[in-house]
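Chain order of the listed sequences is G and S.
Each step along the first sequence adds one to the number in the working numbering, with nothing skipped, and position 381 is 381.
Each step along the second sequence adds one to the number in the working numbering, with nothing skipped, and position 59 is 573.
Idealized CB from N, CA, C, for every residue including glycine.
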Amino acid sequence: MKSFKNIFIAAILSLIIYSCSKEVVSDHLKYQALNPSKIDSGAGNWKTILLTKPDEFAVATPLAISSADYKLELLEIKSWQEDISKHEQAIMDYWSAGVVLRWNEIMRELVAKYNLPPYQNSDGTYPIPNAGNPLAYPFFPFANPPYAARAYAYLSTAQYDALVAAYHYKALYKRPRPSVNDPSIKLLIPATKDFAYPCEEAVAAGASAAILTLMFPGEQDFIQEKLTECKNYRIIAGANTRSEVEAGEDLGKTVASKFIGRARTDRAGKAVGTPTDWANLVASAVNRGETPWISQESPARPPMLPLFGKTMGFLLDTTEVVQGRPAPPPSTNSDAFKKELEEVLFYSQNPTRERMKIVHFWSDGVATYTPPGHWNAIACDDFVSLNFSEVRWARNLALLNMSMFDAAICCWDAKYFYFNPRPSQMHPDCKTLTGLPNFPAFTSGHSTFSGAAATILAHINPNQASEYENMAKEASISRLYGALHYRSDIEVGMTMGNAIGQKAIDRARIDGAE
Amino acid sequence: MSKIQNIFLYIFGLFATTVSAQTDVDAIMMAKRNLCGGFLVGTNSWSNYWEGKNYRNNENIGVLKSNSIMAMVNYGITDKLNVIASAPYISNSASKGTLRGQEGFQDLSLTVKYEFLSKKFRNSYISLLAFGNFSTPLTDYVADYLPLAIGNQSNTLSGKLMADIQRGRWFATASAGYTYRNNVTIDRDAYYTTEMIYSNEVRMPNLMGFNARIGYRKDADLIVEAVFDQMNTLGGFDMRKNEMPFLSNNMDMGRIGLNFKLPIPKVNGLSLLGNTMYTISGRNVGRSTLFMTGLVYQVEFSKKSK
Numbered sequence: 001m002k003s004f005k006n007i008f009i010a011a012i013l014s015l016i017i018y019s020c021s022k023e024v025v026s027d028h029l030k031y032q033a034l035n036p037s038k039i040d041s042g043a044g045n046w047k048t049i050l051l052t053k054p055d056e057f058a059v060a061t062p063l064a065i066s067s068a069d070y071k072l073e074l075l076e077i078k079s080w081q082e083d084i085s086k087h088e089q090a091i092m093d094y095w096s097a098g099v100v101l102r103w104n105e106i107m108r109e110l111v112a113k114y115n116l117p118p119y120q121n122s123d124g125t126y127p128i129p130n131a132g133n134p135l136a137y138p139f140f141p142f143a144n145p146p147y148a149a150r151a152y153a154y155l156s157t158a159q160y161d162a163l164v165a166a167y168h169y170k171a172l173y174k175r176p177r178p179s180v181n182d183p184s185i186k187l188l189i190p191a192t193k194d195f196a197y198p199c200e201e202a203v204a205a206g207a208s209a210a211i212l213t214l215m216f217p218g219e220q221d222f223i224q225e226k227l228t229e230c231k232n233y234r235i236i237a238g239a240n241t242r243s244e245v246e247a248g249e250d251l252g253k254t255v256a257s258k259f260i261g262r263a264r265t266d267r268a269g270k271a272v273g274t275p276t277d278w279a280n281l282v283a284s285a286v287n288r289g290e291t292p293w294i295s296q297e298s299p300a301r302p303p304m305l306p307l308f309g310k311t312m313g314f315l316l317d318t319t320e321v322v323q324g325r326p327a328p329p330p331s332t333n334s335d336a337f338k339k340e341l342e343e344v345l346f347y348s349q350n351p352t353r354e355r356m357k358i359v360h361f362w363s364d365g366v367a368t369y370t371p372p373g374h375w376n377a378i379a380c381d382d383f384v385s386l387n388f389s390e391v392r393w394a395r396n397l398a399l400l401n402m403s404m405f406d407a408a409i410c411c412w413d414a415k416y417f418y419f420n421p422r423p424s425q426m427h428p429d430c431k432t433l434t435g436l437p438n439f440p441a442f443t444s445g446h447s448t449f450s451g452a453a454a455t456i457l458a459h460i461n462p463n464q465a466s467e468y469e470n471m472a473k474e475a476s477i478s479r480l481y482g483a484l485h486y487r488s489d490i491e492v493g494m495t496m497g498n499a500i501g502q503k504a505i506d507r508a509r510i511d512g513a514e
Numbered sequence: 515m516s517k518i519q520n521i522f523l524y525i526f527g528l529f530a531t532t533v534s535a536q537t538d539v540d541a542i543m544m545a546k547r548n549l550c551g552g553f554l555v556g557t558n559s560w561s562n563y564w565e566g567k568n569y570r571n572n573e574n575i576g577v578l579k580s581n582s583i584m585a586m587v588n589y590g591i592t593d594k595l596n597v598i599a600s601a602p603y604i605s606n607s608a609s610k611g612t613l614r615g616q617e618g619f620q621d622l623s624l625t626v627k628y629e630f631l632s633k634k635f636r637n638s639y640i641s642l643l644a645f646g647n648f649s650t651p652l653t654d655y656v657a658d659y660l661p662l663a664i665g666n667q668s669n670t671l672s673g674k675l676m677a678d679i680q681r682g683r684w685f686a687t688a689s690a691g692y693t694y695r696n697n698v699t700i701d702r703d704a705y706y707t708t709e710m711i712y713s714n715e716v717r718m719p720n721l722m723g724f725n726a727r728i729g730y731r732k733d734a735d736l737i738v739e740a741v742f743d744q745m746n747t748l749g750g751f752d753m754r755k756n757e758m759p760f761l762s763n764n765m766d767m768g769r770i771g772l773n774f775k776l777p778i779p780k781v782n783g784l785s786l787l788g789n790t791m792y793t794i795s796g797r798n799v800g801r802s803t804l805f806m807t808g809l810v811y812q813v814e815f816s817k818k819s820k
């Protein structure tokens, strides 16, 4: 029995040692440094989104290469490079995967962090987050799917316009890289042979930081830290000098200010509505003879962003949103409705493990980056292997996120025009297999987002077209499997999303990038 | 001379549910070639919980109830070495809200129990024991669905040391253990803890536990004891306000309870077990109350029948 004791002690010890090696390494930290297969040097002529022309905002002439100031800047690079710490190396490894990519990930992380519905007041009402006081509970924002769709869209579109401007000035000033001007400077990352002023990565970073600060005002310190890292990375890597980076950041922030101005007046700020608006939605459904949507939360929570359908999108104007509104779903009094409800009930009562997996994979509910974030993750994962230039990265993500922002608008317009009840409201045993969103059923947000995303992604990356379509179908059906939606919601949502994605394709064909 | 095995089972009511149905065995050894088996039914419920350290209720959950039935068997390989196996079927449901409950077979638990010291010291009997436990999921139940998931899908290895002292019919037992939990994979490929992680793998923090009890026992036939049990997760994160629980939350709980074991008259070897536990402190767990009862039957295999 002595030997058993020894084995036992050995087992305990090895177990403790083994437990030290459980670290999970996130996939996004495994990306290789970006090495664009095409420079896209003509991107300064691509069609901008809000800028009237690529040089709408001026960028001053760079320092002369012969100037003392420039030589000092080269010295700064050398002094960084003399002693690169582990931390600095980690910063380079992280940011070199692509700046547009990384800022997209940072926004996804903040969306997930802020995607928590506020806790109720003691009287059963709910507090509304206040942008003016973001760090007081309830934290601003509640980054729900429409909020997130809009945030991703402003991030990507501002990055894109800022980078088009950057490419314009790069071609104008034709400033060589520091390592060309001083061969003793090492270029520590793969870099294209194009020009260095203004630093395009800093342009994207400046624009991103400005949009992120608008959308997540409580995160200024975190955003500033990321911005500083991102700028330093260019200098440590020997790819840009200080003034190239600073000029880039300024341009990025200036371009972003135009987008911020638009965001402040795009009507999303009024999307919460008022108690009168909420009551009118109920009255309108009752007047049409339909059962109105009721919050299934306890205490009942006001519907999520009921006026979001009136927000100004990028691809469709408000008239087009109303014109494109789908025909009504089956009346809550009809046999067709009862049949659809029975189908939902079947999935609710007969979950298989395989269907549960689909429900949870696509759930993207509370404390996640939302369905638009999921499609950004899917797109970015594919784009990494396609080696796009930064400007093409931004252009493709702008197309994707404009599609999903407009999808959110069209979907929310339909949801609150019809104010259709969820299956669990209409049948007590229609239990859901994941969290029930607090807004009406028709049309399915997941389906509308996914239809739009898969359509534009198939255009951007045709090799994966059938994969995107299958993913969209799975995301869509997951909402029926999870007993959250009727079949009409997901089918009509998908069709509507496809049409919005087509609008993005129309733009892609004429933006000069193809 | 054979002692009857006394088994009390604690279902660890980690957040909301029975995360790990662990057989927590006492200091009494079962004699060589004795076999004891039985069934226990239990119900564990809570309506309030700790969201991080914030104590609250949730009208979208109501009462979270976890019913279980567990089969267990214990065999004496020698007088000093016992093996114990158990497997529960669990059914979880919430009284309010729209979430569908979950049920199924949870984890198989295998324990090796070794008494490495047994000594008379003045008027007392002292014994020291070591336990090794392995648990593994029996089915592919959904883990990433708290508070309704029936378990966490982790394979675990535990080691525990126990000291027991008995004087007359009164006794005291103390034990401390460490549980290694391997990482689990979930149905999503990205999740947020305190940062965004792009992986379907979730790092499961390990556990540490302490258990103390005092009571009365008469020939291991009749036992009544009071229990204190503390379980801590070594790491993990807190739920934020209005966040759903997650597998790798920092779940701690302290509980007190009572156990009894009574011989059933006229049926040799059959005993009735009872157990109740009440949560007195916690973090990221429900303030649960557990009731459990069951019957165990002991058979002694004669040497001839071997």
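Residue interval of the alpha helix (DSSP H) (run including residue i)
i: N822 of chain S; result: The structure shown has nothing for residue 822 of chain S, since chain S only spans 515 to 820.
i: S403 of chain G; result: E390 to Y418
i: P275 of chain G; result: P275 to N287
Chain-ordered chain G contacts of residue i [CB-CB under 7 angstroms]
i: N574 of chain S; result: E297 and S298
i: L613 of chain S; result: K431 and T432
i: N697 of chain S; result: K22 and V24
i: R702 of chain S; result: H360 and F361
Backbone CA spacing between residue i and residue j [nearest angstrom]
i: G800 of chain S; j: G665 of chain S; result: 15 angstroms
i: W536 of chain G; j: T52 of chain G; result: Limits of chain G in this structure are 1 at one end and 514 at the other, which puts residue 536 of chain G out of reach.
i: V555 of chain S; j: A734 of chain S; result: 22 angstroms
i: P302 of chain G; j: A599 of chain S; result: 51 angstroms
i: E342 of chain G; j: Y119 of chain G; result: 33 angstroms
i: K674 of chain S; j: F140 of chain G; result: 47 angstroms
i: Q620 of chain S; j: G252 of chain G; result: 54 angstroms
i: I604 of chain S; j: S802 of chain S; result: 16 angstroms
i: I778 of chain S; j: Y811 of chain S; result: 10 angstroms
i: S623 of chain S; j: N647 of chain S; result: 7 angstroms
i: I711 of chain S; j: A704 of chain S; result: 6 angstroms
i: M718 of chain S; j: I189 of chain G; result: 36 angstroms
Residue range of the beta strand (DSSP E) that includes residue i
i: E814 of chain S; result: T803 to E814
i: A690 of chain S; result: W684 to R695
i: A367 of chain G; result: First-last for A367 of chain G: undefined, no H or E at that position.
i: N637 of chain S; result: Here N637 of chain S belongs to no beta strand (DSSP E), and DSSP marks it neither H nor E.
Cross-chain neighbours of residue i in chain S, by beta carbon under 7 angstroms
i: E340 of chain G; result: Result: empty, since nearest Cβ-Cβ is about 18 angstroms, beyond 7 angstroms.
i: T352 of chain G; result: None at all; the shortest Cβ gap to chain S is about 11 angstroms.
i: K113 of chain G; result: Y706
i: H28 of chain G; result: Y712
Local conformation of residue i per DSSP, three classes
i: F140 of chain G; result: coil
i: A153 of chain G; result: helix
i: N720 of chain S; result: strand
i: C380 of chain G; result: helix
i: N463 of chain G; result: helix
i: D123 of chain G; result: coil
i: I591 of chain S; result: coil
i: P777 of chain S; result: strand
i: D317 of chain G; result: coil
i: A158 of chain G; result: helix
i: T311 of chain G; result: coil
i: T790 of chain S; result: strand
i: V577 of chain S; result: coil
Chain-ordered neighbours of residue i on chain G, where CB pairs are closer than 9 angstroms
i: V716 of chain S; result: V24
Interface residues of chain G facing residue i [CB-CB closer than 8 angstroms]
i: K755 of chain S; result: L116, Y119 and Y137
i: D654 of chain S; result: R353
Cross-chain neighbours of residue i in chain S, by beta carbon under 8 angstroms
i: V384 of chain G; result: In chain order: nothing, as chain S lies at least about 12 angstroms away.
i: E109 of chain G; result: Y706, E709 and M710
Contact residues within the region 630-641 of chain S, judged by C-beta distance below 7 angstroms to chain G: F630
May I ask you to list, following chain order, the residues of the region 179-194 of chain G that have a beta carbon less than 7 angstroms from some beta carbon of chain S? none
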